[in-house]
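Residue numbers (UniProt numbering), protein chains in the order written: chain X, 1 to 218; chain A, 1 to 218. Here a beta-carbon is modelled for each residue, glycine too, at the ideal position from N, C-alpha and C. One structure below.
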DNA sequence: TAGATTGTTAATCGATTAACAATC
DNA sequence: TAGATTGTTAATCGATTAACAATC
């Protein structure tokens, strides 16, 4: 077969599949069908099969998917089968929360450096990491082979931090600040701004006392 | 015109428009065209015009959109023109971070109660709020008219907390735990799991030493 | 008036779903 | 073998984009 591009929608579902599969694995489930996965995720089974089939023939007709094998394969696809070092700028509440989440980002992906522009914050210890000053960013990214930068600073400082990460040579950025950032094409940027989720959630709330499901405009 | 449903993709873009418009407003920009908005957001101008036109005729031909007026209108659409109380369960690092973000969730949307199952955490003060025990959840949601619940507890406890929120009568839930939750149809649930964003970001990183933009499979 | 830009229809594009032969 | 379930093609659905008349 020839190379082809996988759509973002597909890639975005892979971590979700992984989540459910890890859960099944923990509960010693050996095999799962696209039907069962679809039930758990509220997705069409055909879509799940199609998503997985982009990357290979992972299932067995009449049987389903071997849970452990599929976990291994998805981890390979997401490149989680190799070490991936992450740096974080902004040692505030959110930054500290993410550092402590480190256990959740299974094995190979790891926050290995934390930076903060505030002199008073430098030297503090967060989950075993000593907070570094911003002027150490460039060299630390190189030394520790950091390939992803996480931004947890206020919106006004986010672009500046992004520029520093780009200069230092990271390949991807995850931005938690509620602002759009400009980065060169070769750097991939994802947004994790919960305010977007929260505000769009407000749209769907019924007026108090209402009962209907439909969202309407007249 | 007759009632019709607005797609999720459209609703999800509204908060992003609001973000950029607020920024323009702060910089005293009076008027903006769909072209300019499109440049800032990397979106097609026609898409922006179409999105806004679902809700009304907010622009002026030959001129563009009045920034203040459009902000007002989008806030109305998202129901941010009325008070909306939010409760949060899980006073860990992430929960505390969100409480401190309170200033970001402009004016009307506000975290007005924080709960935690840990007795040692109860009574602690977070950004002016005293942490309440879980058995106060039901009555507090009613008393303070809380309509959205935020979940920032570990994955294993998330479903239980969601059930409590549902029983207490919230209309929407924002879940930060990396797990899929089951809620009745009349409760709207949104996910703010950053691990999904982080793992899918890993997929797009070039292998070290590579240079090309294309993501391929063979 | 001439230039700009909206609101909207029609065309295009892409993603989801249904259906089914292959096969475990 | 009979039942189950994949991988994949074709059909459907929905979202994005282009184009342009209306009009400021």
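Query: Where the beta strand (DSSP E) containing residue 88 (chain A) begins and where it ends; Result: 84 to 89
Query: Listed by chain order, chain A residues near residue 174 (chain X) by CB distance under 8 Å; Result: 194, 197, 198, 201
Query: Per-residue burial, residue 130 (chain X) [other beta carbons within 10 Å of its own, 16 or more giving buried]; Result: exposed
Query: Selected residue, minimal CA-CA separation from residue 169 (chain X), among X:80, X:149, X:62; Result: X:149
Query: Same chain, Cβ closer than 7 Å to residue 233 (chain A), five either side skipped, listed in chain order; Result: Not covered by the structure: residue 233 (chain A). The range shown for chain A is 1 to 218.
Query: Against chain X: residues of the UniProt DNA-binding region "H-T-H motif" (16 to 55) of chain A by CB proximity under 9 Å; Result: 16, 18, 19, 20, 23, 40, 41, 42, 54, 55
Query: N-terminal and C-terminal residue of the beta strand (DSSP E) that residue 66 (chain A) is part of; Result: 64 to 66
Query: Status (buried if at least 16 other CB within 10 Å, exposed otherwise) for residue 73 (chain X); Result: buried
Query: Residue-chain proximity (residue 65 (chain X), chain A), Cβ-Cβ < 8 Å; Result: no
Query: Neighbour-count burial assignment, residue 123 (chain A), 16 or more Cβ in a 10 Å radius; Result: exposed
Query: Contact with chain X by residue 77 (chain A), beta-carbon distance below 8 Å; Result: yes
Query: Other residues of its chain near residue 191 (chain X): CB distance less than 6 Å, five sequence neighbours each side excluded; Result: 175
Query: Min CB distance residue 190 (chain X) to chain A below 8 Å; Result: yes
Query: Within-8 Å CB hit, residue 122 (chain A) to chain X; Result: no
Query: Interface flag, residue 158 (chain A) vs chain X, CB-CB below 8 Å; Result: no
Query: CB contact below 8 Å: residue 140 (chain X) versus chain A; Result: no
Query: Among X:180, X:136, X:173, nearest to residue 156 (chain X) - alpha-carbon criterion; Result: X:180
Query: CB contact below 8 Å: residue 164 (chain X) versus chain A; Result: no
Query: Interface residues of chain X facing residue 11 (chain A) [CB-CB closer than 8 Å]; Result: 200, 203, 204
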